[in-house]
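Note sheet for the following structure.
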Amino acid sequence: MFGPDEPVLLSRHASIEQPVSGNGMLYLTDRRLILIHRSGVLRKTETPLLDLTLDEISYVRVEGTLWKVLVIGARTQGGRVVAYKVHAQNPGVWKAQIYSLKGSLGGIRFIPPRTPPSSLNQASHIAQPAQQATKFCIDCGHRLPPEAAFCSSCGGPQ
0 MFGPDEPVLL SRHASIEQPV SGNGMLYLTD RRLILIHRSG VLRKTETPLL
50 DLTLDEISYV RVEGTLWKVL VIGARTQGGR VVAYKVHAQN PGVWKAQIYS
100 LKGSLGGIRF IPPRTPPSSL NQASHIAQPA QQATKFCIDC GHRLPPEAAF
150 CSSCGGPQ
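Taking numbering that gives the first Met the number 0, the leading residue of the sequence shown gets 0, the next gets one more, and so forth.
Laid out in structure tokens, this is it:
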């Protein structure tokens with residue numbers, strides 16, 4: 000499955016719900032993101048449920064408030080973008096690592112998390128810039144103090 004010079008940077012048990020469903024081990028190498036399903040008791044077979052090169056990945060985001068889902072947008076050969084929804088522990092870490100790898104390959108465009116229309120209507124004023132430097136959670140967008148290592152809203156690492 001992996002080449003001799005293709006190091007595995009992250010691996011974790013995960014499941015995918017769209018556009019195919021199943022579970023297995025999710026691997027991130029310096030070239031690809033792969034979800035491999037293993038089956039069989041005596042004869043073990045490995046079936047890749049997801050195999051994307053980093054070049055095929057258009058965007059990465061984390062969705063959900065209670066149960067976080069890693070959403071990966073990938074271009075098909077026809078040019079359209081398919082969104083893969085992957086359930087893995089610490090999706091913010093996966094997102095950050097993919098962004099890091101894509102950045103070293105020439106960049107990735109940022110797709111912000113979707114904001115429900117109801118919360119857009121509730122925003123009646125524009126926040127004034129703060130005197131101190133602030134930062135925002137990479138997973139949920141919550142405003143954080145500059146020294147925060149974890150988000151106080153979602154618990155994600157920063």
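Heads up, the beta-carbon is just placed ideally off N, CA and C, and yes, glycines get one too.
| Going by beta carbon distance, what residues of the same chain come within less than 8 Å of residue 90, once the five residues before and after it are set aside? | For the purposes of this step, residue 90 is identified with residue 91 of the sequence shown, where counting begins at 1. Closer than 8 Å at Cβ, skipping near neighbours: 61, 67, 68, 69, 138.
| query | Is residue 24 closer than 8 Å to residue 10 when the C-beta atoms are compared? | reply | The residue given as residue 10 occupies position 11 in the sequence shown. The residue given as residue 24 occupies position 25 in the sequence shown. Yes, the pair counts as a contact, with Cβ atoms nearer than the cut-off.
| said: Using only the alpha-carbon positions, how far apart do residue 102 and residue 72 sit? | reply: Along the sequence shown, read from residue 1 onward, the residue named residue 102 stands at position 103. Along the sequence shown, read from residue 1 onward, the residue named residue 72 stands at position 73. Taking the straight line from one Cα to the other gives about 16 Å.
| query | Per DSSP, residue 62 forms a beta bridge with which residues? | reply | Translated into positions along the sequence shown, residue 62 becomes position 63. Beta-bridge pairing links residue 62 to 68.
| Buried or exposed: which applies to residue 148, given that a residue is buried once 16 or more other Cβ atoms fall within 10 Å of its Cβ? | Walking along the sequence shown from the start, residue 148 turns up at place 149. When all chains shown are included, residue 148 counts as exposed.
| Can you tell me whether DSSP reads residue 99 as helix, strand or coil? | Within the sequence shown, residue 99 is the residue found at index 100, counting from 1. Helix, per DSSP.
| field | DSSP three-state assignment for residue 45, whether helix, strand or coil | value | By 1-based counting over the sequence shown, the position of residue 45 is 46. In the structure shown, residue 45 sits in a strand (DSSP, three-state: E or B).
| field | Other residues of its chain near residue 82: CB distance less than 6 Å, five sequence neighbours each side excluded | value | Within the sequence shown, the letter at position 83 stands for residue 82. Cβ within range, chain order: 70, 72.
| query | How big is the Cα-Cα spacing for residue 100 and residue 53? | reply | Position 101 of the sequence shown holds residue 100. Position 54 of the sequence shown holds residue 53. The straight-line gap from Cα to Cα measures roughly 8 Å.
| request: Find the nearest neighbour of residue 93 within the set 26, 1, 74, judged by alpha-carbon distance. | output: For this step, residue 93 is matched to residue 94 along the sequence shown. Closest by alpha carbon: 26.
| query | Among 49, 42, 43, 30, which has the Cα closest to the Cα of residue 13? | reply | Numbered from its first residue, the sequence shown carries residue 13 at position 14. It is 49 whose Cα lies nearest to the Cα of residue 13.
| task | Please state if the CB of residue 85 and the CB of residue 51 are separated by a distance shorter than 8 Å. | result | One-based indexing of the sequence shown puts residue 51 at position 52. One-based indexing of the sequence shown puts residue 85 at position 86. No, they are not a contact pair.
| said: Looking only at its chain, what residues have a beta carbon closer than 6 Å to the beta carbon of residue 124, apart from the 5 residues adjacent to it on each side? | reply: Residue 124 sits at position 125 when you count from the first residue of the sequence shown. In this predicted model, residue 124 has a pLDDT of only 48, less than 50, meaning its place in the structure is not dependable; the value taken from the coordinates is given anyway. Within the same chain, residue 124 has no close Cβ partners at all.
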